[in-house]
Each structure stands twice: as structure tokens, then as C-alpha cells.
Amino acid sequence: AQTIHQWPVAEIKAVGSPLSLGCTIKGKSSPNLYWYWQATGGTLQQLFYSITVGQVESVVQLNLSASRPKDDQFILSTEKLLLSHSGFYLCAWDWGYEQYFGPGTRLTVL
Amino acid sequence: AQSVTQPDARVTVSEGASLQLRCKYSYSATPYLFWYVQYPRQGLQMLLKYYSGDPVVQGVNGFEAEFSKSDSSFHLRKASVHWSDSAVYFCAVSASSGSWQLIFGSGTQLTVMP
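The listed protein sequences correspond, in order, to chains A and G.
The opening residue of the first sequence carries number 1 in the working numbering; numbering runs sequentially from there.
The opening residue of the second sequence carries number 1001 in the working numbering; numbering runs sequentially from there.
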């Protein structure tokens, strides 16, 4: 069975500080991976997707970047956090048309 | 452009009552439709999915949804709700654009009163 893990569970960061969020999936080789962002009380918006190691496509520009350093790992990062980056970040993998989500990371930027 | 509309931001029902959460989509091709549920401070769990065939699809925990091409709708239903069904429900359509992109509605906050 596939399992998806996100780290950290939650972060409280200062405006202007760097950020790195991680996602690891086990049990599926060469998965398509996705990052979504959810503002508090809002809907989900896809940020990035990756279909292979080293290749990442941006869907929405939010002054964030993503990388796929390993087949089972997807990283979301930025050098300087903004207040608007606060929210819930979800990683997902797909099985054809279907997407399955990780437990998420809650980010608070102060 | 593809879009999903959930017209009801909040729905409150009594335990044991029936439930319908509305969803309208806009998509040029045959849609792949989903309902997800999000419990407080958790990720999303898929409730059910529709690709083709029987327009009424069954999901987990007694949920079902009905696809209507003529109405461009995919409403979620449950015959008798339980307090544990309180959560946010998202309708989504899957669109192909290099990879599969899920486009979500704005969500409906369901509160079940005991």
C-alpha cells in the first residue's frame, strides 16, 4: 500500500525567513507528485506538479519553488516568507485521474 | 475554462436527517468528478468518484453522488447523517493539462447537530 508522509506537521515562521517543506511517498514507483495550498477556510489551489526526478512544473506563482531530488521526494521552499504564505500545504500523488493527499503541513507566518 | 461551484458555503442539519450538498461544474470534455472530505486540521480523503456509466455512484460511509450531464451537476447525498459527518466537503473535477490537475470548488462546511 502507498503511504505519503509530510514534514513538518506544523511550522511557525517569521516574515522574511526561509522555508522548506517535504513530502515522501512510499509504495509507488515514479509517482506524479503535486503541491497544493489552502488558505485558512479556503479552497485548494495546485501550486506545482512533477512527473519525474528533476522536473517540476509551476501552476501558480506564489513566490515559492519546488524540487524533486528523488523519485519519492518532493520539496517546497522559499528564501523569504511572506504573510500571505500562511495556510495549509498538501502534497498529493496520483493514480491516473485520481489524486490522494498527504496529511498536510500547517504554516503560520508572523 | 474548467470550474467548480459549490453554492452553499455552510449547511447545518440535524443528526439522522438526509443531506444534499450541491456541486456544479464547467468542463468542455467528459469530466472526471470527485468528492473529498476534510476533517478539522487534516488532509483530504476521497469519498467517491465518477468517470462514466451509472450516474449514481456509491462512496464510503453511506455517501452517494449523482452525475447529471444535462444539468452539469454532481450532487452529494446521504440518507441519514451522523454527528461525525461534520467536516468540509469539496467537489472537484480532474482536468488534463500535462498532468492531472484537480480543480476544487470552494467547499461546503457541514455541521450536524446532535
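Glycine residues also receive a C-beta, built at the ideal position from the N, C-alpha and C atoms.
Remember, it's a predicted structure, so these values are computed and weren't measured experimentally.
Residue(s) in a DSSP beta bridge with residue i
| i | result |
| --- | --- |
| GLY22(A) | TRP7(A) and ILE75(A) |
| GLN1109(G) | ARG1010(G) and VAL1088(G) |
| LEU1019(G) | LYS1078(G) |
| LEU33(A) | SER50(A) and TRP93(A) |
Local Cβ density within 10 Å of residue i, reported as buried at 16 or more and exposed below that
| i | result |
| --- | --- |
| TRP93(A) | buried |
| PRO1007(G) | exposed |
| ARG1041(G) | exposed |
| GLN99(A) | buried |
| ALA66(A) | buried |
| HIS85(A) | buried |
CB of residue i within 7 Å of CB of residue j, strictly
| i | j | result |
| --- | --- | --- |
| TYR1089(G) | THR1108(G) | yes |
| HIS1135(G) | GLN1002(G) | The question about residue 1135(G) has no answer, for chain G in this structure spans 1001 to 1114. |
| TRP1035(G) | ALA1065(G) | yes |
| VAL1056(G) | GLN1045(G) | no |
| ILE12(A) | THR105(A) | no |
| LEU21(A) | LEU76(A) | yes |
| TYR1129(G) | PHE1067(G) | In the structure as shown, chain G starts at 1001 and stops at 1114, and residue 1129(G) therefore has no counterpart that could be examined. |
| GLN38(A) | PHE88(A) | yes |
Please give the ranges of any beta strand (DSSP E) in the region 1033 to 1095 of chain G, keeping only runs that are unbroken, at least 3 residues long and fully inside the region. 1044 to 1050, 1056 to 1058, 1064 to 1068 and 1073 to 1078
Inset, instruction - Quick one: which residues of the region 1044 to 1074 of chain G get their C-beta closer than 8 Å to a C-beta of chain A? List them in chain order. - result: Listed by position, the residues of the region 1044 to 1074 of chain G near chain A (Cβ gap below 8 Å) are LEU1044, GLN1045, MET1046, LYS1049 and TYR1051.
Check distances from the C-beta atoms of the region 1097 to 1111 of chain G to those of chain D and list, in chain order, the residues that come in under 7 Å.
In summary, chain D is missing from the structure at hand, where the protein chains are A and G.
Check your understanding: What are the residues of the region 1020 to 1037 of chain G that lie near chain A, defined by any Cβ-Cβ distance shorter than 9 Å?
Key -> Per Cβ criterion, the list reads TYR1032, PHE1034 and TYR1036.
Could you name each continuous beta strand (DSSP E) segment of 3 residues or more that falls completely within the region 61 to 110 of chain A, going from the start of the chain to the end? 65 to 70, 73 to 78, 87 to 95, 98 to 101 and 105 to 109
Using a beta-carbon distance cut-off of less than 7 Å, what residues from the region 3 to 21 of chain A approach chain G? None of the residues of the region 3 to 21 of chain A has a beta carbon lying less than 7 Å from any beta carbon of chain G.
Practice problem: Select from the region 40 to 58 of chain A all residues with a C-beta closer than 9 Å to any C-beta belonging to chain G, and list them in chain order. | Solution: GLY41, GLY42, THR43, LEU44, GLN45, GLN46, TYR49, SER50, ILE51 and GLU57
Residues from the region 76 to 98 of chain A in contact with chain G, defined by Cβ distance under 7 Å: LEU90, ASP94, TYR97 and GLU98
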